[in-house]
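Structure first, then comments.
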Amino acid sequence: MNWENLLKDKKIKVTRARIDILKILQECQKSMTAEHIYSIFCEHNKDVNISTIYRSLELFEEKNIVDKVFLPEGVNGFSLKKDDHKHRLKCEVCNKEILVHCPFKQIEELINSEANFKITDHSITLKGICEDCNDKNNKEKHN
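Sequential numbering from 1097 applies to the sequence shown in the numbering used here.
Following this line, the structure appears as structure tokens:
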């Protein structure tokens, strides 16, 4: 992905920090907090203020580059928006995230026709226990 072109297309000033934030989100492929992104900057001896990260993430959300989700720790997590809209299943045991296709299209059409309300965006995170953790739990019960 050419991050510089994306930022220009969205009328966002191109900075090294903004490009690095997008690269970090791309490499991680799961929701990350601003603090986690900041720690990666620190590990690589890159000088950036955490407030710059927060402001950039909020701007990216406003420009539909990232999705913001509320994480169990009580903080916001951010992940790159995908072209193919998906939702997350988050394991409460191991914190693994599984992406699933969005089944919301029919619901959007129903809401639009019944309430004359056009939904412009939505985000859903379902919490539960993944197959691996469930299998591990079942094995422990049988031993």
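Beta carbons are placed, not taken as given, at the ideal position from N, Cα and C, and that holds for glycine.
Between the C-alpha atoms of residue i and residue j, what's the straight-line distance to the nearest angstrom?
| i | j | result |
| --- | --- | --- |
| E1154 | D1163 | 10 Å |
| R1112 | H1132 | 18 Å |
| S1209 | K1109 | 39 Å |
Keeping to the same chain, check which residues put their C-beta closer than 6 Å to that of residue i; ignore five residues upstream and five downstream.
| i | result |
| --- | --- |
| L1167 | G1173 |
| L1118 | W1099 |
| S1152 | R1114, I1117 |
Once you ignore the five residues that flank residue i on each side, which residues in its own chain have a CB closer than 7 Å to its CB?
| i | result |
| --- | --- |
| I1149 | I1117, A1130, I1133, Y1134 |
| L1229 | Per the sequence shown, the amino acid found at residue 1229 is Cys instead of Leu. Hits under 7 Å: C1187, V1189, C1190. |
* Asked: Taking contact to mean at least 3 C-beta pairs separated by less than 8 Å, is the region 1228-1239 in contact with the region 1182-1190?
  -> yes
* Asked: Which ranges does the beta strand (DSSP E) cover as unbroken runs of at least 3 residues, wholly within the region 1129-1185, from first to last along the chain?
  -> 1162-1166, 1172-1176
* Scan the region 1179-1222 and note each continuous alpha helix (DSSP H) run of 4 residues or more that stays entirely inside, going in chain order. => 1201-1211
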